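Okay, so here's the structure we're looking at.
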Amino acid sequence: MVLSILKRSALGAAICAAMIGNAAADDVVKKAEAELARYRAIPKFEAPGAPFDAKACMAGKKILSVPASSTIPFLSTINKATARLAKDIGFHFQVWENQGQVSQWVQGLNYGASNKFDLIEMLAGADPRAVEPQIKAARAAGSKVVAAHLTGFEQAVPGGADGVVPIDYKRAGELLGWWAIGRTGGKVNALVLIVSGALSTDSMMDGFKEIMAKNCPSCKHAVIDAPVSEWATKIQPAVQAALLADPTINAIVPIYDSMVQFVLPALTITGKAGRIPIGTFNGTPFVIGLVQSGQVEMDIGENLDWIAHGVLDSHMRRLCGLGEIKDPKIPLLIFDKSNAATAGKPPVDSKGYGDEYVAGFRKLWKLQ
């Protein structure tokens with residue numbers, strides 16, 4: 084009799100614990116959805132600073148962009164948008180084409196310095212810390228060197244550069260964490276793809292890990308580290324091996340969405356295509372197309388044209404002696420099955436975010 088009572092008591096305690104655990108999981112999933120919902124509305128334009136006459140202050144000036152790699156669609160699209168804006172405003176803008184090698188960044192800085200560019204932009208992964216001597220020489224030659232779309236708001240100016248145009252990378256990382264929690268019902272076993280050493284990666288992963296630690300301490304993730312120059316050769320076999328080694332992986336998070344093109348073949352080969360959701364960040368058009376087709380579940384988008392406007396606004400203010408912009412006001416927008424069609428079919432660069440910012444910047448720069 085006593086044994087029977089003890090058994091019933093233990094069973095009741097187990098059931099109660101399970102119910103409490105399920106309730107806690109439901110709560111964190113609801114919280115995740117609430118956090119993500121804030122980023123599904125079309126963003127409003129917010130001016131990063133006071134109006135100024137861009138044509139007048141940029142007359143005769145030159146900007147050189149050194150992207151992390153010209154082969155990354157995200158970066159080449161931003162550069163093309165900036166080139167269009169430069170033509171409209173009336174100054175010289177040039178891109179130092181490269182394939183992601185530090186030696187090529189060195190060449191770009193040397194070219195910019197010797198050709199008297201007013202500002203040399205190290206764009207999104209072209210890390211000043213790898214080329215400090217060349218930055219010092221470029222600054223000595225009269226060029227300002229600015230790291231754009233590389234650092235989070237909380238990070239310091241790197242590598243002796245004159246300044247940065249920061250992005251809220253940490254918040255993007257937090258949203259990736261919330262997505263993984265919500266998508267797996269609070270039982271995350273994610274495979275996360277990163278580029279270690281990149282300041283943007285550090286900021287995003289700080290956000291991702293903080294969300295996990297605070298809201299899902301039992302959740303776990305494994306990391307695959309692939310330098311940009313090795314994406315085409317390393318990502319597919321590494322993801323394939325990870326999926327075979329751990330069949331319980333239930334989410335894949337490539338923190339830069341151009342990585343996705345190398346993830347999908349690994350899913351197909353391992354028979355996991357359509358079975359493991361992918362959440363990512365950047366909003367590159369071809370990846371939003373994969374959201375439309377169901378191959379990617381979520382892409383936290385940045386309007387690439389808005390990035391070009393925001394970064395250029397900061398550069399021009401710096402060159403025109405108007406001070407440094409701490410926040411370029413570049414918003415994030417989540418694309419998933421509910422709204423991916425707004426980006427066009429096929430998706431078009433910067434479509435789906437509304438166009439309020441275009442008129443906003445033209446008015447800000449006194450182009451109207």
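If you read the sequence shown in the numbering used here, its first letter stands for residue 84, the second for the next number, and so on.
By construction, the Cβ of each residue, glycine as well, lies at the ideal position given by its N, Cα and C atoms.
Keep in mind it's a predicted model, so treat the numbers as computed, not measured.
(message) To the nearest angstrom, how far is the alpha carbon of V189 from that of V278?
(response) Here residue 189 is taken as the residue at index 106 of the sequence shown, counted from 1. Here residue 278 is taken as the residue at index 195 of the sequence shown, counted from 1. Roughly 20 Å between the two C-alpha positions.
(request) Keeping to the same chain, check which residues put their C-beta closer than 7 Å to that of L158; ignore five residues upstream and five downstream. (result) Within the sequence shown, the letter at position 75 stands for residue 158. Counting only residues of its own chain and dropping the five nearest sequence neighbours on each side, L158 has a CB closer than 7 Å to the CB of P150, A151, S152, L206, A207.
(request) Work out the CA separation of D340 and D438 for me, nearest whole Å. (result) Locating residue 438 in the sequence shown gives position 355, counting from the first residue. Locating residue 340 in the sequence shown gives position 257, counting from the first residue. Distance from the CA atom of D438 to the CA atom of D340, rounded to whole angstroms, is 23 Å.
(message) Helix, strand or coil for G104? Go by DSSP, reduced to three states.
(response) Your numbering for residue 104 matches position 21 in the sequence shown. Note that G104 scores a pLDDT of 47, beneath 50, so its modelled location is shaky; the value from the coordinates is reported in the next line. G104: helix per DSSP, three-state reduction.
(request) Kindly list the residues whose CB is nearer than 6 Å to the CB of G104, restricted to its own chain and excluding five residues on each side of it in sequence; keep chain order. (result) Within the sequence shown, residue 104 is the residue found at index 21, counting from 1. Unreliable positioning characterises G104 in this predicted model, as indicated by a pLDDT of 47, which lies under 50. The coordinate reading is nonetheless provided below. Beyond the five residues adjoining it in sequence on each side, G104 comes within less than 6 Å, by CB distance, of no other residue in the same chain.
(request) Enumerate in chain order the residues of its own chain whose CB-to-CB distance from T425 is below 6 Å, with the five nearest sequence positions on each side excluded. (result) The residue you call residue 425 lines up with position 342 of the sequence shown. Counting only Cβ-Cβ distances below 6 Å, and skipping sequence neighbours, we find G435.
(request) Output the distance between the C-alpha atoms of G290 and W262, rounded to the nearest integer angstrom. (result) Translated into the one-based positions of the sequence shown, residue 290 becomes position 207. Translated into the one-based positions of the sequence shown, residue 262 becomes position 179. Going by the C-alpha atoms only, they are around 13 Å apart.
(message) Pairs of beta-carbons, one from the stretch 390–397 and one from the stretch 328–345, closer than 8 Å: are there three or more?
(response) No, the stretch 390–397 does not touch the stretch 328–345.
(request) With DSSP collapsed to three states, give me the class of I352. (result) Here residue 352 corresponds to residue number 269 of the sequence shown, with the count starting at 1. Note: I352 maps to helix in three-state DSSP.
(message) In the DSSP output, what is V228 paired with across the bridge?
(response) The residue given as residue 228 occupies position 145 in the sequence shown. Paired residues: I203.
(message) Rounded to whole angstroms, what is the Cα-Cα separation between A305 and N422?
(response) In the sequence shown, the residue the question calls residue 305 occupies position 222. In the sequence shown, the residue the question calls residue 422 occupies position 339. Rounded to the nearest angstrom, the two C-alpha atoms are 30 Å apart.
(message) In whole angstroms, give me the CA-to-CA distance for V374 and G225.
(response) Taking the sequence shown and counting its residues from 1, one reaches residue 374 at position 291. Taking the sequence shown and counting its residues from 1, one reaches residue 225 at position 142. In a straight line, the C-alpha of V374 is about 45 Å away from that of G225.
(message) Here's a check: name, in chain order, each residue in its chain whose Cβ is nearer than 6 Å to the Cβ of E118, leaving out the five neighbours to either side.
(response) The residue you call residue 118 lines up with position 35 of the sequence shown. Closer than 6 Å at the Cβ level, and outside the excluded window around E118, lie W261.
(request) Pull up the CB-CB distance for G183 and T154, whole angstroms please, since I reckon it's below 8 Å. (result) The residue you call residue 183 lines up with position 100 of the sequence shown. The residue you call residue 154 lines up with position 71 of the sequence shown. Rounded to the nearest angstrom, the Cβ distance from G183 to T154 is 7 Å, consistent with a contact under 8 Å.
(message) Which residue marks the beginning of the alpha helix (DSSP H) containing V289, and which one marks its end?
(response) Along the sequence shown, read from residue 1 onward, the residue named residue 289 stands at position 206. Per the sequence presented here, residue 289 reads as Asp, with Val not at that position. 282–298 is the extent of the alpha helix (DSSP H) around D289.
(message) What does the alpha-carbon distance come out to for the pair P126 and V441?
(response) Taking the first residue of the sequence shown as position 1, residue 126 is located at position 43. Taking the first residue of the sequence shown as position 1, residue 441 is located at position 358. In a straight line, the C-alpha of P126 is about 12 Å away from that of V441.
(message) Strictly by DSSP, which residues pair up with K145?
(response) Position 62 of the sequence shown holds residue 145. Bridge partners of K145: H175.
(message) Considering Cα atoms alone, identify which of L192, L202, R121 is closest to D396.
(response) The residue given as residue 396 occupies position 313 in the sequence shown. Ranking L192, L202, R121 by Cα distance to D396 puts L202 first.
(message) Between E204, G265, K227, L258, which has its C-alpha nearest L233's C-alpha?
(response) In the sequence shown, counting from the first residue as 1, residue 233 sits at position 150. Answer by Cα proximity: E204.
(message) Tell me which residues share the same chain as N193 and place their Cβ nearer than 7 Å to its Cβ, disregarding the 5 neighbours each side in the sequence.
(response) For the purposes of this step, residue 193 is taken as the residue at position 110 of the sequence shown. If we look at N193 and ignore the five residues flanking it on each side, its Cβ neighbours are Q217.
(request) Could you tell me the distance, in whole angstroms, from the CA atom of I361 to the CA atom of K355? (result) Residue 361 sits at position 278 when you count from the first residue of the sequence shown. Residue 355 sits at position 272 when you count from the first residue of the sequence shown. Spanning the two alpha carbons is a distance of roughly 11 Å.
(message) So, with DSSP's three-state summary, where would you put K114?
(response) Position 31 of the sequence shown, counted from the first residue, corresponds to residue 114. Helix.
(request) Could you tell me the distance, in whole angstroms, from the CA atom of M141 to the CA atom of L450? (result) Indexing the sequence shown from 1 puts residue 141 at position 58. Indexing the sequence shown from 1 puts residue 450 at position 367. The C-alpha of M141 lies about 13 Å from the C-alpha of L450.
(message) Can you tell me where the alpha helix (DSSP H) holding T316 begins and where it ends?
(response) The residue you call residue 316 lines up with position 233 of the sequence shown. That run of the alpha helix (DSSP H) goes 314–328.
(message) Given this structure, state the Cα-to-Cα distance separating P310 from Q378, to the nearest angstrom.
(response) The residue you call residue 310 lines up with position 227 of the sequence shown. The residue you call residue 378 lines up with position 295 of the sequence shown. Going from the Cα of P310 to the Cα of Q378 covers about 24 Å.
(request) Mind listing, in chain order, the continuous beta strand (DSSP E) runs of no fewer than 3 residues lying wholly within the stretch 352–418? (result) Listed in chain order, they are 362–365, 381–384, 416–418.
(request) Could you tell me which uninterrupted beta strand (DSSP E) segments, each at least 3 residues in length, are contained entirely in the stretch 216–271, listed from first to last along the chain? (result) For the stretch 216–271, whole beta strand (DSSP E) runs of length 3 or above, ordered along the chain, are 227–231, 246–248.
(message) Looking at P282: is its Cβ nearer than 8 Å to the Cβ of P241?
(response) The residue given as residue 282 occupies position 199 in the sequence shown. The residue given as residue 241 occupies position 158 in the sequence shown. One detail in the question is off: residue 282 reads as Leu in this sequence, not Pro. Contact: yes.
(request) Return the bridge partner residues of K303 from the DSSP annotation. (result) As a position in the sequence shown, residue 303 is number 220, starting the count at 1. Per DSSP, the beta-bridge partners of K303 are N272.
(message) Out of S197, A244, W179, which one is the CA nearest neighbour of E215?
(response) As a first step, residue 215 must be located in the sequence shown, where it is residue number 132. The shortest C-alpha separation from E215 is found at A244.
(message) Beta-carbon within less than 8 Å of R222's beta-carbon, same chain only, minus the 5 sequence neighbours each way: which residues are those?
(response) Stepping through the sequence shown from its first residue, residue 222 is reached at position 139. Excluding residues within five positions, the ones whose Cβ falls inside 8 Å are V228, G243, D245.
(request) Below 7 Å CB to CB, which residues in the same chain sit around K144 once its five sequence neighbours on both sides are set aside? (result) In the sequence shown, residue 144 corresponds to position 61, counting from 1. Counting only Cβ-Cβ distances below 7 Å, and skipping sequence neighbours, we find F174, D201, L402.
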